[in-house]
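Q: Okay, so the sequence shown: first residue is 64 according to our numbering, each after it adds one. No residue lacks a Cβ here, since even glycine has one placed at the ideal position from N, Cα and C. Because the structure is a prediction, the values reported are computed rather than measured. Let me begin by handing over the structure; questions about it come next.
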Amino acid sequence: MREILFRGKGNRYGKWVEGFYTPILTGHGMEDAIITGTDRNCSIPTLVIPETIEQYTGLTDKNGVKIFEGDIIKVHKSDTYVIKYGEYTPRNYCLARYYDKPMMGFYAYDGERCFQLSTNSRCYEVIGNIHDNPELAEGLL
Numbered sequence: 064m065r066e067i068l069f070r071g072k073g074n075r076y077g078k079w080v081e082g083f084y085t086p087i088l089t090g091h092g093m094e095d096a097i098i099t100g101t102d103r104n105c106s107i108p109t110l111v112i113p114e115t116i117e118q119y120t121g122l123t124d125k126n127g128v129k130i131f132e133g134d135i136i137k138v139h140k141s142d143t144y145v146i147k148y149g150e151y152t153p154r155n156y157c158l159a160r161y162y163d164k165p166m167m168g169f170y171a172y173d174g175e176r177c178f179q180l181s182t183n184s185r186c187y188e189v190i191g192n193i194h195d196n197p198e199l200a201e202g203l204l
């Protein structure tokens, strides 16, 4: 079973945090937070920038780095893709029965083509993400 995990960039210090996503009520209304752990059985929320909240795909790259939605990956040391979630139609997919049929889930997109992520992720390498490295994402979104 896939681990359900989110990440977000903290709105106070700008550091990435991973954990359980939840909206919480603060003095400013409802805000997005990532629960990063507990202290004496109390949750520890970190307020995060809403646009940076992304879900873990359940996969790691060839270096053991977790692959999240919004990550930019290299495939076979050359092609660059951004990881997205939603409905997509794979192109040039090796199994003809999936060709041109809409699918739902995590996928890699290069601005033109997309493919379903494989559990055999030895050919993937995370090289950045769309928030910290927007220059790497040019033409991919």
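1. Identify, in the order they occur along the chain, each residue of the same chain with its Cβ nearer than 8 Å to the Cβ of residue 194, setting aside the five sequence neighbours on each side.
2. Can you tell me which of 174, 191, 147, 111 puts its alpha carbon nearest to the alpha carbon of residue 70?
3. Residues in the same chain with beta-carbon distance under 6 Å from residue 79, minus the five sequence neighbours each way, listed in chain order, please.
4. Among 107, 98, 130, which has the Cα closest to the Cα of residue 188?
5. Can you look up residue 199 in the DSSP assignment and give me helix, strand or coil?
6. With distance defined between alpha-carbon atoms, name the residue in 203, 148, 191, 197 nearest to residue 179.
7. For residue 119, I'd like the list of residues in its chain whose CB is within less than 6 Å of its CB, leaving aside the five on either flank, ordered along the chain.
8. Check this for me: beta carbons of residue 121 and residue 66, under 8 Å apart or not?
9. Rounding to the nearest angstrom, what Cα-Cα distance links residue 82 and residue 202 in this structure?
10. Please confirm whether residue 107 and residue 99 have their CB atoms less than 8 Å apart.
A: Considering the structure as presented:
1. 72, 114, 115, 133
2. 111
3. 70, 72
4. 130
5. helix
6. 148
7. 68, 129, 131
8. yes
9. 30 Å
10. yes
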